[in-house]
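Before any comments, here is the structure.
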Amino acid sequence: MILLKNAQFWLLGIGASLISLYLTITWRNSTTEVFFLNLLFLAFVCFTVQEKRDILNLESGVFPSILGWLLIAVIFLTSTLPPPSFAGLLFIFPSISGLGLAFLASGFKGLNQYKIEFLALLFLSAHRLVSIVFKDISLLTAKFSTAILWYTGFKVTRSGINITLPTGSISVISDCAGMAMILNLLGLAVLFILIFNLNRLQKTLVPMVAAILGFIINGVRVALMAILVAQGDKQAFNYWHFGDGSLIFSLIASLFFGSFCWFLLTINQEKNQNATEL
């Protein structure tokens, strides 16, 4: 019993150190939205492990323990690299850290106990990797924002990623193209799927709605930027582009997506009540 408590204490300490290190580096190298998304996922992982701590099999062998220590050592050593180098490798941090801790805690045979947690950590790794590799949807966003402006009565033309109104123009660069908002909403979608009991159709529909909402709302944001530039309102443009206004669109997207999730939960609850009454 004493050995088990000591093992749990060491695992808790190592896990807390890895989480603190990862969140610190994420805070320095990512946006506020990405930081809080990572915080949500890590809180979910910690909560699920805490909930089933009494039924976990915490027995590991020599070889998986050595492998676990090696993986954790790689993470700590990698974190000593200069910031640009480590930021590029940050996507491996969650999954490698989780795998190393699982090897230390339960060996090879006990990995099945952490399926949900691995899915959450793998998404964090995939989220960061996709944001690096597939972040440029500028042309698609420019076309959509141009369509919004044209259908709402503006005299607008487009050349590549440049949107031009009679009195001003903007360029839709990759950082403003909307991939960040899409990925953040997809993160919320994955958490929603992991937490709640959904059917197969709903599990497919939730990430699709998240991606579509993120793209549409960011397209509206880009259209607004074009209008503000055309009006010569530099102060309003800076507020909605660089200031707190840029976060408002993320909040609007999250509220729309949250409303959709609430609607799904309401439908499921009504179905469960009808099934119980029958």
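In terms of my numbering, the sequence shown is residues 1462 to 1739. All C-beta atoms in this analysis are idealised placements derived from N, C-alpha and C, irrespective of residue type, glycine included.
Check your understanding: Using 8 Å as the threshold, is the segment 1678-1694 in touch with the segment 1626-1645, meaning 3 or more CB pairs across them?
Key -> yes
Practice item. Could you give the DSSP three-state label for residue 1618: helix, strand or coil? Key: Position 157 of the sequence shown, counting from 1, holds the residue named residue 1618. Note: residue 1618 maps to strand in three-state DSSP.
Practice item. Answer yes or no: the CB of residue 1566 versus the heavy atoms of the ligand ADP, is any distance below 7 Å? Key: This structure simply doesn't include the ligand ADP, nor any ligand for that matter.
Check your understanding: For residue 1501, which of 1649, 1664, 1571, 1677 has the nearest alpha-carbon?
Key -> Here residue 1501 refers to the residue found at position 40 when the sequence shown is read from its first residue. With distances taken between Cα atoms, residue 1501 lies closest to 1649.
Review point. Is there a Cβ from chain B that is less than 8 Å from the Cβ of residue 1684?
Key: The structure shown has no chain B; it contains just one protein chain.
Practice item. Report, in whole angstroms, the separation of the C-beta atoms of residue 1532 and residue 1503, which I expect to be a contact under 8 Å. Key: The residue you call residue 1532 lines up with position 71 of the sequence shown. The residue you call residue 1503 lines up with position 42 of the sequence shown. That belief does not hold up - the Cβ atoms of residue 1532 and residue 1503 are roughly 17 Å apart, past 8 Å.
Point to revise | Among 1521, 1616, 1712, nearest to residue 1571 - alpha-carbon criterion | key: Position 110 of the sequence shown, counted from the first residue, corresponds to residue 1571. Distance check between residue 1571 and each of 1521, 1616, 1712 places 1521 closest, using alpha-carbon atoms only.
Practice item. Rounded to whole angstroms, what's the CA-CA distance from residue 1700 to residue 1711? Just pull it up for me. Key: Reading the sequence shown from its first residue, position 239 is the one you call residue 1700. Reading the sequence shown from its first residue, position 250 is the one you call residue 1711. Cα to Cα, residue 1700 sits roughly 14 Å from residue 1711.
**Study point:** Proximal residues to residue 1577 (C-beta, below 7 Å), its chain only, five neighbours per side dropped
**Key:** For the purposes of this step, residue 1577 is taken as the residue at position 116 of the sequence shown. So the list reads 1509, 1655, once near-sequence residues are dropped.
Point to revise | Supposed close pair residue 1675, residue 1639 - CB separation, criterion 8 Å | key: Counted from its first residue, the sequence shown places residue 1675 at position 214. Counted from its first residue, the sequence shown places residue 1639 at position 178. So it is a contact: roughly 6 Å between Cβ atoms.
Review point. What residue from 1636, 1511, 1716 has the CA that sits closest to residue 1476's CA?
Key: Here residue 1476 is taken as the residue at index 15 of the sequence shown, counted from 1. Of the candidates 1636, 1511, 1716, the one whose C-alpha sits nearest the C-alpha of residue 1476 is 1511.
Check your understanding: Around the C-beta of residue 1669, are 16 or more other C-beta atoms found within 10 angstroms, so that it is buried, or is it exposed?
Key -> By 1-based counting over the sequence shown, the position of residue 1669 is 208. Flag for residue 1669 reads exposed.
Exercise for review: Output the distance between the C-alpha atoms of residue 1618 and residue 1610, rounded to the nearest integer angstrom.
Suggested key: Mapped onto the sequence shown, residue 1618 falls at position 157. Mapped onto the sequence shown, residue 1610 falls at position 149. Their Cα atoms are separated by approximately 9 Å.
Practice item. Kindly indicate which three-state DSSP category residue 1598 falls into: helix, strand or coil? Key: Along the sequence shown, one-based indexing puts residue 1598 at 137. It is coil, neither helix nor strand.
**Study point:** Pick from 1562, 1599, 1552 that is closest to residue 1479, judged by C-alpha positions
**Key:** Here residue 1479 refers to the residue found at position 18 of the sequence shown. When only C-alpha atoms are compared, the closest one is 1562.
Check your understanding: Of the residues 1707, 1555, 1637, 1483, which one's Cα is nearest the Cα of residue 1600?
Key -> Taking the first residue of the sequence shown as 1, we reach residue 1600 at position 139. Looking at the Cα atoms, 1637 is the closest of the given residues.
Review point. Excluding five sequence neighbours on each side, which residues of the same chain lie with their C-beta closer than 6 Å to the C-beta of residue 1463?
Key: What you label residue 1463 is simply residue 2 of the sequence shown in a count that begins at 1. Its pLDDT being 40, under 50, residue 1463 is placed unreliably in this model, and the value from its coordinates should be taken loosely. So the list is empty, once near-sequence residues are dropped.
Practice item. Using only alpha-carbon positions, find the residue among 1623, 1556, 1473, 1519 that is nearest to residue 1566. Key: The residue you call residue 1566 lines up with position 105 of the sequence shown. Among 1623, 1556, 1473, 1519, the Cα nearest to that of residue 1566 belongs to 1519.
Point to revise | residue 1554 versus 1527, 1486, 1505, residue with shortest Cα-Cα distance | key: If you number the sequence shown from 1, residue 1554 lands on position 93. Residue 1486 is the option with its Cα nearest to residue 1554.
Check your understanding: Is residue 1633 closer than 8 Å to residue 1602 when the C-beta atoms are compared?
Key -> Counted from its first residue, the sequence shown places residue 1602 at position 141. Counted from its first residue, the sequence shown places residue 1633 at position 172. In contact: residue 1602 and residue 1633 (Cβ atoms closer than 8 Å).
Practice item. Could you check which residue in 1574, 1568, 1495, 1482 has the C-alpha nearest to that of residue 1537? Key: The residue given as residue 1537 occupies position 76 in the sequence shown. The residue with the shortest Cα to Cα distance from residue 1537 is 1482.
Exercise for review: Taking only the alpha-carbon atoms, compute the straight-line gap between residue 1514 and residue 1473 and give it to the nearest angstrom.
Suggested key: Counting from 1 along the sequence shown, the entry for residue 1514 is found at position 53. Counting from 1 along the sequence shown, the entry for residue 1473 is found at position 12. Residue 1514 and residue 1473: Cα-Cα distance of roughly 12 Å.
**Study point:** For residue 1568, three-class secondary structure by DSSP
**Key:** Translated into positions along the sequence shown, residue 1568 becomes position 107. Coil at residue 1568, not helix or strand.
Review point. Taking the C-alpha atoms as reference points, what is the distance between residue 1491 and residue 1526?
Key: Reading the sequence shown from its first residue, position 30 is the one you call residue 1491. Reading the sequence shown from its first residue, position 65 is the one you call residue 1526. Cα to Cα, the separation comes out at about 32 Å.
Review point. Is residue 1630 helix, strand or coil by DSSP?
Key: On the sequence shown, residue 1630 is found 169 positions in, with the first residue counted as 1. Three-state DSSP puts residue 1630 in a strand.
Review point. Any idea what DSSP makes of residue 1625, helix, strand or coil?
Key: Within the sequence shown, residue 1625 is the residue found at index 164, counting from 1. Residue 1625 falls in the strand class under three-state DSSP.
Check your understanding: Skipping 5 residues on each side, what residues in its chain have a beta carbon closer than 7 Å to that of residue 1579?
Key -> Taking the sequence shown and counting its residues from 1, one reaches residue 1579 at position 118. These residues qualify, in order along the chain: 1559.
Practice item. Starting from the C-beta of residue 1727, find all residues in its chain whose C-beta is less than 8 Å away, skip the five residues before and the five after it, and write them out in chain order. Key: Here the question's residue 1727 lines up with position 266 in the sequence shown. Once the five neighbours on either side are set aside, residue 1727 has no close Cβ partner at all.
Check your understanding: In chain order, what residues of the same chain have a beta carbon less than 7 Å from the beta carbon of residue 1499, not counting five sequence neighbours either side?
Key -> Taking the first residue of the sequence shown as 1, we reach residue 1499 at position 38. Taken in chain order, the residues that qualify are 1484, 1487, 1585.
Review point. By a C-beta neighbour count over all protein chains shown, 10 Å radius and 16 as the cutoff for buried, is residue 1720 buried or exposed?
Key: As a position in the sequence shown, residue 1720 is number 259, starting the count at 1. Exposed, since its Cβ has fewer than 16 Cβ neighbours within 10 Å.
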